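Chains as they are written, first to last, in this note's numbering: chain Y, 1 to 734; chain A, 735 to 1050.
We put the beta carbon where it would ideally sit given N, CA and C, even for glycine.
For clarity, every value in this text was computed on a predicted model and none was experimentally measured.
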Ligand SMILES: Cc1cc2nc3c(=O)[nH]c(=O)nc-3n(C[C@H](O)[C@H](O)[C@H](O)COP(=O)(O)OP(=O)(O)OC[C@H]3O[C@@H](n4cnc5c(N)ncnc54)[C@H](O)[C@@H]3O)c2cc1C
Ligand code: SF4
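Here you go:
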């Protein structure tokens, strides 16, 4: 099915099951420990050998020699895989560094060996006996130092630079100007489940149970890396303990499990240890961002410019921090520029809302600063500069853009009008109290997605697609979609995900997963409905599927009966036409935050948070709310504590465990509210839904920063806003 | 992790004797620190002596009205003990500010006292670290040193002692009781228990090889307002950037120890005479010879302001 014209009324609009807060189907499995994760697929492989990854001890250079003698003879050791004995390996299209390094070393903790032994403890002990001599090379590890060597770099969906009108001229003459530089540090995905895989060979066929967001991409990557045909590789990833983009790609665990299994002649499982994850895998790259805004005295933006610098390994991608600035606010004269420098730190890559998350952290402080300069309420300033068209290409309208409505509703619910706009004036005991807000904005990409549905003679529909559920609720919304389409209750739907033998889906990334994958299921169900109608000799346009029955005129047949002994199978793929090109499709929101800042110590504690989101039809308000509060929590981490500390001499992230890389704990997160606007976007898909999983993180960091400013009068432009950046500028206390 | 042998001792004296006899032996109590370090091969004991069942898990009154806390008393039990909560509030508060409920259920009094630094370079066996590998150098100097010591450090090591409990113990003038391999008992005032790094940062306490902690005794209660204030980047489950343990009497006198600033709980008795004159005066003397790195210089101001808040709370 091709989605080329705006959606009209369809069975999803019945909203009998879609739009209801159904409990997560996978919830009971996860809470009872019966959801099998990749590392524990002993239901398939009773006794796998265990692999332990040896990571490079240097950031850049080469291995002069590796002595495996002691490790090889250690107890329980079955095999040791290194670049020397692994055979020819290609580099995947999505990898900037090779997954098995040596002799060349491209980054710290790059895998250089896998030790395979009978038990995990034996593999670990032997891995610690591997002796490596390195020749170190000079590397670049400091973004600020190499920033000016950055080259223009294309960002997803656009060129490196954009320019409209005469930015420089308009900025120079603007009566009110802001020119400020902001920084965001490297961030770790730090998901709960580490990267893990279990691999088994059957002749020339490889099967890997893994933890991966994008099954089809990753089958291709693994096949390419191993030099195998794609159809000989099978990936299975039904449960994923979080990914946030860190599992979009094949990582060392999957490749090394495959190589280890080949070398040991039996199935092997590999999990990255927590201290390895930070430097061995990918992270969100640090950014330096310069934002310039010029406005008239009455608050109309006349010039807006955003330059973003980031670094990556050679061949890597930039962090597209300027993305939102291209679209979010009006202004006749505009420019954006993206520069990418070479850094020899671990590979930078996508993390939840790549581009917009760090970009909005900067842009939305800048807007707050500008509003203050203009003496305008920050919401009013945003309303004044709202746009209903793509400001770089005014002929492209937004499909639907209720940003003003989000801000208005939020202001109302949060009692924004009671905020004292003068900073540093509100005190509650030991706390300086402040309120801040920011807009939320994230694009709404869509991706082709296929599914297969099978109706059987019990009246049960089985849905199969290689879509993944990374903790987002995919199982549930897919079941809701099939149930709505087929007129069945949820318990008559079985959803099977994450297996590369299933039809290729959109996968989980870029917040496209929910809308795209349910659209694929919708397409398959449309076909199934047609097949059922046809089999019963019904005119398919006048058929009604409800209460487990299929009805036409005064005939009514139970679905189970319609299926018959052999059942009915339908498969289809949803492809998206150019509505996404013709119309700018994005998701919107407004974040409101109240913080307390300890008047003596400058400790920041969030007191309440609200997000109002406009993201099309909300397929399941319960799982959508979970996504948004999770994103708000992650945004709070980015605002207040998360930072991969770079050792600029040795070239690695030093705080590479969860004791050193702090993410919020329960005590950091107070009352959170989420409101979804009741809306649909028929330009987006037949589901009329959009993504929410990333929207929630965009802007929340700036809302916190703005609240801190309101509380203290101290403007911090370098994240995370830790107390040391506030302390010296707070008023004296007794 | 290296292979090791294991035994369960039958008496404190036997445990100490065994520790001296066996090459590379270590005691294991709750194991919450030691096992983590063994997995990373930062600690590589060849032999473990389990001291969990030696009857050292009791809290008893002493003859002079103080309290004797067995070395194996769990942090949870110590924090919740009626007398500790009544008479040594600073200790109870410090314990509860540390780690998590699960860890405190396992962590012991002696183990907590002897926990090792959280310097991230100490934890990464690829990096030079004098504490882990004497003579290899100190990566934190000139590196990521935000958490590190601002006073009492050396050119060999700038690590801090991470314990909260020990800071309160220092303010309370506790005494560490031990038994030596030859069976002799010893009492070490807490002021002499932890050491500054000097040129041997691998030596962290004044314990002799094989010496077993049997108890920590608290002197007779001194009353006063007892406050423990721990400042950190997140609200819970993090080590202190700076912590203040204070006992403040009605007349404004009292004592103060700081955590998060040095290789040991930091207390300078001579600074305490300044208490009635406020935090600035106290910290000026307490941190006179501070030599922070540029990443952790904020700790000086933070210590002063935190102490200010603590003194204000004590007055209020
Ligand atoms: C995630 C995490 C967070 C933490 N957060 C904090 C925190 O915020 N604040 C804080 O203060 N602590 C914190 N801790 C540390 C925790 O308090 C210590 O791990 C614990 O107190 C150690 O006690 P244990 O009994 O488990 O010691 P073990 O690990 O058993 O032993 C530690 C050391 O003491 C030696 N030892 C044990 N008993 C004796 C004895 N009787 N005589 C001589 N030597 C002995 C052992 O040989 C070993 O060298 C944290 C720990 C973790 C893992
Ligand atoms: S500060 Fe001490 S523990 Fe840290 S690297 Fe230096 S020597 Fe090692």
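(request) Identify the contact partners of residue 603 of chain Y in chain A, using a Cβ-Cβ distance below 9 Å as the criterion. (result) Result: 965, 966, 967, 969.
(message) Between the stretch 360-368 of chain Y and the stretch 331-350 of chain Y, can you find at least three pairs of beta-carbon atoms closer than 8 Å?
(response) Cβ pair count under 8 Å is below three, so no.
(request) For the beta strand (DSSP E) holding residue 512 of chain Y, just list the boundary residues, first then last. (result) Per DSSP, residue 512 of chain Y belongs to no beta strand (DSSP E) and is neither H nor E.
(request) Please indicate yes or no: does the CB of residue 761 of chain A lie closer than 7 Å to some heavy atom of ligand 1? (result) In this structure, residue 761 of chain A has its CB closer than 7 Å to one or more heavy atoms of ligand 1.
(message) On a Cα-Cα basis, can you pick out the residue from A:1028, A:1008, A:999, A:1031 that is closest to residue 1045 of chain A?
(response) Looking from the CA of residue 1045 of chain A, the closest CA among A:1028, A:1008, A:999, A:1031 belongs to A:1008.
(message) Which of the three DSSP states is assigned to residue 816 of chain A in this structure?
(response) Correct three-state label for residue 816 of chain A: helix.
(request) Using the Cα positions of residue 160 of chain Y and residue 131 of chain Y, report the straight-line distance between them to the nearest angstrom. (result) In this structure, the alpha-carbon of residue 160 of chain Y lies about 44 Å from that of residue 131 of chain Y.
(request) Measuring only between beta-carbons, confirm whether residue 428 of chain Y sits less than 8 Å from chain A. (result) No, residue 428 of chain Y does not count as interfacial toward chain A.
(message) Which residue marks the beginning of the alpha helix (DSSP H) containing residue 1049 of chain A, and which one marks its end?
(response) Counting along the chain, residue 1049 of chain A sits inside the alpha helix (DSSP H) bounded by residues 1032-1049.
(message) Quick check: what's the CA-CA separation for residue 906 of chain A versus residue 953 of chain A?
(response) For residue 906 of chain A and residue 953 of chain A, the gap between their C-alpha atoms comes out near 7 Å.
(request) Report the option in Y:207, Y:401, Y:65, Y:610 whose CA atom is closest to the CA atom of residue 104 of chain Y. (result) Selected option, being the one with the closest Cα: Y:65.
(request) Under 8 Å by Cβ, that's how I've got residue 698 of chain Y and residue 353 of chain Y pegged, so tell me the actual separation to the nearest angstrom. (result) Going by Cβ atoms, the distance from residue 698 of chain Y to residue 353 of chain Y rounds to 5 Å, so yes, they are a contact pair.
(request) To the nearest angstrom, report how far apart residue 764 of chain A and residue 807 of chain A are at their CA atoms. (result) If you take the alpha carbons of residue 764 of chain A and residue 807 of chain A, they lie about 10 Å apart.
(message) Looking only at its chain, what residues have a beta carbon closer than 7 Å to the beta carbon of residue 504 of chain Y, apart from the 5 residues adjacent to it on each side?
(response) Hits under 7 Å: 216, 450, 466.
(message) ligand 1 and residue 772 of chain A: does any heavy atom of the ligand fall closer than 7 Å to the residue's C-beta?
(response) No, Cβ of residue 772 of chain A sits at least 7 Å from all heavy atoms of ligand 1.
(message) Counting only C-beta atoms, is residue 832 of chain A closer than 8 Å to chain Y at any point?
(response) Under the 8 Å criterion on CB atoms, residue 832 of chain A is classed as non-interfacial with respect to chain Y.
(message) Please report the straight-line C-alpha distance between residue 154 of chain Y and residue 112 of chain Y, rounded to a whole angstrom.
(response) In a straight line, the C-alpha of residue 154 of chain Y is about 31 Å away from that of residue 112 of chain Y.
(message) Tell me the residue span of the beta strand (DSSP E) that contains residue 207 of chain Y.
(response) For residue 207 of chain Y, the enclosing beta strand (DSSP E) stretches over residues 205-210.
(message) Tell me whether residue 892 of chain A, by its Cβ, gets closer than 7 Å to a heavy atom of ligand 2.
(response) Set against 7 Å, the gap from the CB of residue 892 of chain A to the closest heavy atom of ligand 2 is smaller.
(message) Which residue marks the beginning of the alpha helix (DSSP H) containing residue 216 of chain Y, and which one marks its end?
(response) Counting along the chain, the alpha helix (DSSP H) containing residue 216 of chain Y begins and ends at 215-226.
(message) Can you confirm whether residue 650 of chain Y, when its beta carbon is compared against all beta carbons of chain B, has any partner nearer than 8 Å?
(response) Included in the structure are the protein chains Y and A, with no chain B among them.
(request) From the DSSP output, in three-state form, read off residue 104 of chain Y for me. (result) For residue 104 of chain Y, the three-state secondary structure derived from DSSP is strand.
(request) Verify whether the separation of the beta carbon atoms of residue 486 of chain Y and residue 461 of chain Y is less than 8 Å. (result) For residue 486 of chain Y and residue 461 of chain Y, yes; Cβs fall inside 8 Å.
(request) Measure how close the beta-carbons of residue 609 of chain Y and residue 516 of chain Y come, nearest whole angstrom, since I'm counting them as under 8 Å. (result) So it is not a contact: roughly 29 Å between Cβ atoms.
(request) Give the DSSP bridge partners of residue 964 of chain A, in chain order. (result) Per DSSP, the beta bridge partners of residue 964 of chain A are A:977.
(message) If the cut-off is 7 Å on Cβ atoms, which residues from the stretch 1028-1040 of chain A count as contacting chain Y, listed in chain order?
(response) Cβ contacts with chain Y: 1032, 1035, 1036, 1039, 1040.
(request) Find out if the Cβ-Cβ distance for the pair residue 208 of chain Y, residue 222 of chain Y is shorter than 8 Å. (result) Yes, Cβ-Cβ distance for residue 208 of chain Y and residue 222 of chain Y is below 8 Å.
(request) Identify whether residue 951 of chain A lies in helix, strand or coil by the three-state DSSP scheme. (result) Residue state for residue 951 of chain A is assigned as strand, using DSSP reduced to three classes.
(request) Quick one: list the residues of chain A neighbouring residue 125 of chain Y, beta-carbon separation under 9 Å, in chain order. (result) Chain order gives the chain A residues near residue 125 of chain Y as 735, 736, 737, 775, where near means a beta carbon separation below 9 Å.
(request) With 7 Å as the C-beta to C-beta threshold (strictly closer), list the residues of the stretch 219-252 of chain Y near chain A in chain order. (result) Along the stretch 219-252 of chain Y, there is no position whose C-beta sits under 7 Å from a C-beta of chain A.
(message) Using only CA atoms, which one of A:770, A:925, A:959 lies nearest to residue 819 of chain A?
(response) Out of A:770, A:925, A:959, the CA that lies nearest to the CA of residue 819 of chain A is found in A:959.
(request) List the residues of chain A that residue 600 of chain Y touches, going by C-beta distances under 7 Å, in chain order. (result) Around residue 600 of chain Y, the beta-carbon contacts reaching into chain A at under 7 Å are 1039, 1040, 1042, 1043.
(request) Kindly indicate the opening and closing residues of the alpha helix (DSSP H) around residue 923 of chain A. (result) First-last for residue 923 of chain A: 919-923, but that is the beta strand (DSSP E), not the alpha helix (DSSP H).
(request) Quick one: residues in its chain with C-beta nearer than 7 Å to the C-beta of residue 274 of chain Y, no 5 flanking neighbours on either side, listed in chain order? (result) Scanning its chain for C-beta atoms nearer than 7 Å, with the 5 sequence neighbours on each side dropped, one finds around residue 274 of chain Y the residues 194, 657, 658, in chain order.
(message) Quick check: does the Cβ of residue 896 of chain A come within less than 7 Å of any heavy atom belonging to ligand 3?
(response) No copy of ligand 3 occurs in the structure displayed; its ligands are ligand 1 and ligand 2 alone.
(request) Report whether the distance from the Cβ of residue 437 of chain Y to the nearest heavy atom of ligand 1 is below 7 Å. (result) Placement of the Cβ of residue 437 of chain Y at a distance of 7 Å or more from every heavy atom of ligand 1 is found.
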